[in-house]
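Enquirer: Here's a structure for you.
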Amino acid sequence: MEEFRRAYGRLCAAGGGAPQEVVLQRLQEPGGAPGRGRLDLAAQSLSLETCSALGRLLPGAAPFAEVALGDCGLSEEGVKLLLHGLCSNTTVKSLDLKGNNLRTVGAEALGKLLRQNKSIRSLILEWNSLGVWEEGFSFFCQGLGANNFLQRLDLRNNQINHQGAGELAMALKKNASLQELDLRWNNIGLLGGRALLNCLHSNKTLKRLELAGNNVPSDILKAVEQAMDHNQDRQTVLSETQNQAYILSKEVLSLKDEKTKQFLDLMDTIDKQREEIARSGRMSAARVSQLQEALDEQHSIMNSLKAKLQMTEAALALSEQKVHNLGELLNATKQQQTSMAEHHFTELQQQKQEGVDREGRLLRDLSAASDKNLLLRNQVDELEKKCKVQQDQLFQVKQDLTNTTAELKLRAVQAEERLEMEKRRFKQSLEDMESLRLKEVGHMTQHIETSERSMQDRIQRLEAIRIALEEELSQVKAAAITERGQAEEELIKVHNQARLEEQQRLEYLEEKLRLMTESRDEAQNCCLKQKQMVAEAQAKANRLSLHADGLRRRLEELQQDLNSKEEEKVAEVNKVKVELQEQIGHLQAERTAQEGLREKIAALERQLKALSSNHHEALLDKESEISMLLEKLRMKEADISRMREEEAQRASFLQNAIMAYVQGSPLGTHSSRK
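Sequential numbering from 51 applies to the sequence shown in the numbering used here.
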């Protein structure tokens with residue numbers, strides 16, 4: 051009880067409410083032995099938190115057998131929580147819920163309780179309102195019909211009408227355990243009384259049915275009392291037969307014990323013989339099991355080797371697929387490189403053609419400018435000054451070109467170093483591959499080297515183009531200088547124009563060089579991207595190989611687990627088969643015993659029938675003898691009355707004779723005179 055009290059306090063605290071002091075005091079009171087105590091909370095107002103906590107504590111084995119919750123003013127939700135906890139209780143035998151104004155929800159919860167609970171024997175529901183709502187009361191009656199453990203039910207003052215009585219009658223037809231039902235002070239009426247009376251023809255267990263205060267006619271009440279008397283007589287006869295059957299079963303058990311002793315003696319001798327046979331069988335079975343284990347080990351080794359071969363084949367297929375994908379990527383990159391080289395070649399040809407056209411135009415302009423040479427002599431001095439300035443600018447441009455060429459060379463060297471580093475990394479990664487993939491890796495390295503060579507060739511071509519452009523620039527400059535020397539005296543203006551055009555051409559060539567450097571940078575970036583893609587593909591291949599190894603190990607572990615589980619399953623199945631065979635043997639033995647008991651019960655019933663028939667015949671004989679004795683008594687009384695009449699006649703005759711004699715004698719005359 052103390053543990054129950056602590057658990058109640060914990061649940062209330064967990065629900066955010068304080069435990070009620072009254073409940074704690076009642077739980078602290080000694081309630082007797084565990085499972086026989088009493089929880090008395092009658093006339094106490096219980097909160098919803100208390101009902102919830104009690105509903106959580108009541109399932110299972112509670113430390114009391116009686117629960118009194120009368121006149122507690124429970125709400126519908128509180129009653130639902132309490133009864134939900136009692137559904138799975140196994141110790142409470144008596145439940146008192148009187149005076150709580152239970153309605154639809156309470157009736158439904160009570161119906162569910164009666165369906166599921168198997169321990170409650172007494173249920174007191176006095177002074178409630180279960181009969182007000184027909185649906186809830188019908189659910190309650192369905193639960194009562196499904197219950198086979200309740201023995202006492204008190205439904206006084208529950209406003210049950212004739213329809214509710216009909217539902218109760220239907221439930222009583224199905225119920226086979228209820229012995230006492232109190233329906234006093236309801237509104238059952240004539241129809242409800244008839245329904246209850248009709249259900250008593252099929253219900254043979256109900257001993258006490260109270261119907262006072264229900265406006266039920268007296269003849270129905272008398273019929274109900276007769277049915278109750280009949281059920282009580284039947285119960286007494288059944289108890290007597292059960293006692294006799296118990297005595298006979300004891301005798302049968304004693305006989306069985308004797309037979310079992312004899313049987314055990316025989317079985318001991320048989321077991322000894324079987325043990326001798328089993329020894330020889332065990333020796334042979336041990337040899338067979340050893341040979342079987344060796345065969346199983348060889349089979350398991352073969353299966354593991356097959357699994358490993360399958361895994362390696364799958365890994366090889368995956369690696370081949372990866373190599374194929376990488377080859378496709380390399381082919382795509384080669385195609386892109388060839389297309390880029392062709393595009394650059396066409397652009398260079400177009401640029402050369404444009405340079406030739408421009409040279410022709412310059413020559414035509416020079417021929418036209420020779421006519422204007424005389425007009426431009428005055429401007430030679432100014433142009434010479436400008437030429438000096440332009441020479442300085444050309445020198446600066448040359449320096450810039452040298453700087454750019456040095457930078458390009460440095461970048462090319464860095465790119466080559468990066469390529470070499472990437473080659474080394476790629477070679478190291480390829481060397482770390484498995485021995486089975488060496489040929490495929492060599493093939494990949496050859497493709498990569500060819501791609502790198504093509505990229506280097508492309509870079510060399512670009513550098514050759516750049517050198518050719520520089521040579522062209524130098525040639526153009528030399529031609530311009532010679533032409534300027536020849537035309538200094540004659541073509542000052544034309545020379546100025548030529549210098550301007552040369553400046554424009556230099557700017558164009560510088561722009562072209564810049565574009566070429568950008569294209570080279572783009573090509574280098576493409577190479578880097580391709581190398582990154584190759585490295586990523588290699589990393590993916592490594593990851594996939596690691597993943598394949600992990601999957602292989604995982605499959606081996608799963609295979610081992612499956613083998614162990616299959617062995618456990620086989621062992622468990624064998625155990626279950628043995629247990630089932632033992633249970634089947636026990637059940638067959640019990641079945642044979644039950645059949646023997648049934649035969650004995652049938653024999654006893656036949657004996658009872660014979661005894662009842664003999665008793666009936668004896669009663670008939672006694673009745674016939676009594677009737678004969680009564681007839682004899684009547685005849686004797688008639689004889690006695692006849693003899694009395696005869697004696698009276700004789701007495702009258704004697705009296706008359708005496709009187710006549712007295713009157714005829716002298717004494718008579720004397721007396722007459724007097």
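Cβ coordinates follow ideal geometry from the N, Cα and C atoms, glycine included.
Under the three-state reduction of DSSP, which class applies to E539: helix, strand or coil?
Expert: Here E539 sits in coil by DSSP.
Enquirer: Looking at C-alpha atoms only, which residue of N178, Q209 and E217 is the closest neighbour of G195?
Expert: Taking only the C-alpha atoms, the option nearest G195 is E217.
Enquirer: Among A68, T100, N167 and G66, which one has its Cα closest to the Cα of G110?
Expert: For the residues A68, T100, N167 and G66, the minimum Cα distance to G110 belongs to N167.
Enquirer: Which value, in whole angstroms, describes the spacing of the CA atoms of L398 and S595?
Expert: Roughly 47 Å between the two C-alpha positions.
Enquirer: Below 8 Å CB to CB, which residues in the same chain sit around L74 once its five sequence neighbours on both sides are set aside?
Expert: Hits under 8 Å: R55, Y58 and G59.
Enquirer: I need the DSSP call for R88, collapsed to helix, strand or coil.
Expert: Three-state DSSP puts R88 in a strand.
Enquirer: If E260 and L233 are in contact, beta carbons under 8 Å, what's the gap, nearest whole angstrom?
Expert: That belief holds up - the Cβ atoms of E260 and L233 are roughly 6 Å apart, short of 8 Å.
Enquirer: Where in the stretch 126 to 172 do unbroken runs of the alpha helix (DSSP H), each at least 4 residues long, occur, reported from the N-terminal end onward?
Expert: Fully enclosed alpha helix (DSSP H) runs of 4 or longer: 126 to 136 and 154 to 166.
Enquirer: With DSSP as the reference, identify every bridge partner of F313, one or two as the case may be.
Expert: F313 is not bridged to any residue.
Enquirer: Looking at the secondary structure, which residues open and close the alpha helix (DSSP H) in which A262 lies?
Expert: Per DSSP, A262 belongs to no alpha helix (DSSP H) and is neither H nor E.
Enquirer: Less than 8 Å between the C-beta atoms of Q209 and G186, yes or no?
Expert: Their beta carbons are not under 8 Å apart, which means Q209 does not touch G186 by this criterion.
Enquirer: Assuming Q348 and S504 make a contact with CB atoms under 8 Å, what is their CB distance in whole Å?
Expert: Q348 to S504, Cβ: 57 Å. No contact.
Enquirer: Assign Q446 to one of two classes, buried (16 or more other C-beta atoms within 10 Å of its C-beta) or exposed (fewer than that).
Expert: Burial call: exposed.
Enquirer: Taking the straight line between their C-alpha atoms, what separation do you get for E502 and E481?
Expert: About 19 Å.
Enquirer: Measure the C-alpha to C-alpha separation of A221 and S179 and round it to an integer number of angstroms.
Expert: Their backbone Cα atoms lie some 19 Å apart in a straight line.
Enquirer: Leaving out five residues on either side along the sequence, give the residues of the same chain with a beta carbon under 7 Å from the beta carbon of I270.
Expert: Cβ neighbours of I270 beyond the five flanking positions: G243, R244 and L247.
Enquirer: Please go through the stretch 226 to 278 and give each complete alpha helix (DSSP H) segment of 4 or more residues, from N-terminal end onward.
Expert: Those alpha helix (DSSP H) runs which fall completely within the stretch 226 to 278 and span 4+ residues are 239 to 249.
Enquirer: Output yes or no for whether 8 Å exceeds the beta carbon distance between C137 and L163.
Expert: Yes, they are a contact pair.
Enquirer: Please classify E655 as buried or exposed, where buried requires at least 16 neighbouring CB atoms within 10 angstroms.
Expert: Exposed: under 16 other Cβ atoms inside 10 Å.
Enquirer: Nearest-angstrom Cα distance between D507 and Q582?
Expert: Using only the alpha carbons, I get a separation of about 20 Å.
Enquirer: When you compare each of S350, N237, A367 and E521 to P267 by their alpha carbons, which one comes out closest?
Expert: Ranking the options by Cα distance to P267, first place goes to N237.
Enquirer: Whole angstroms is fine: what's the gap from S369's alpha carbon to T383's?
Expert: Cα to Cα, the separation comes out at about 21 Å.
Enquirer: At 3 residues or longer, what runs of the beta strand (DSSP E) sit wholly inside the stretch 605 to 641?
Expert: Listed in chain order, nothing qualifies, since the stretch 605 to 641 has no complete beta strand (DSSP E) run of 3 or more residues.
Enquirer: Any chance the stretch 550 to 569 sits against the stretch 523 to 532, with 3 or more Cβ pairs inside 8 Å?
Expert: Yes, they touch.
Enquirer: Apply the 10 Å Cβ neighbour rule to L305 and answer buried if 16 or more other Cβ atoms are within range, or exposed otherwise.
Expert: L305 is exposed by the Cβ-count criterion.
Enquirer: Once DSSP output is grouped into helix, strand and coil, what is the label at L200?
Expert: Reduced to three states, the DSSP call for L200 is coil.
Enquirer: Taking 7 Å as the line, does the beta carbon of L680 fall inside it for any heavy atom of the ligand ADP?
Expert: Looking at this structure, you won't find the ligand ADP or any other ligand, since it has none at all.
Enquirer: Exposed or buried, what is T100 when buried is set at 16 or more other beta-carbons lying within 10 Å of its beta-carbon?
Expert: Per the 10 Å Cβ criterion, buried.
Enquirer: With DSSP collapsed to three states, give me the class of A68.
Expert: It is coil, neither helix nor strand.
Enquirer: Does the distance from the C-beta atom of L172 to that of N197 stay below 8 Å?
Expert: As written in the sequence, residue 172 is Ser, which differs from the Leu given in the question. Contact: no.
Enquirer: Around the Cβ of H374, are there at least 16 other Cβ atoms within 10 angstroms (buried) or fewer (exposed)?
Expert: Looking at its Cβ environment, which holds fewer than 16 other Cβ atoms inside 10 Å, H374 is exposed.
Enquirer: Please classify S674 as buried or exposed, where buried requires at least 16 neighbouring CB atoms within 10 angstroms.
Expert: Per the 10 Å Cβ criterion, exposed.
Enquirer: Would you mind giving the Cβ-Cβ distance between G65 and S95, rounded to the nearest angstrom? I have them listed as a contact below 8 Å.
Expert: Wrong, their Cβ atoms sit about 18 Å apart, outside the cutoff.
Enquirer: Taking a contact to mean a Cβ-Cβ separation below 8 Å, would you say G205 touches L175 in this structure?
Expert: Checking the sequence, you will find Leu at residue 205 rather than Gly. Cβ atoms of L205 and L175: closer than 8 Å.
Enquirer: For V117, which three-state DSSP category applies?
Expert: V117: strand per DSSP, three-state reduction.
Enquirer: What's the call for R604, buried or exposed, on a 16-neighbour Cβ count within 10 Å?
Expert: So R604 ends up on the exposed side.
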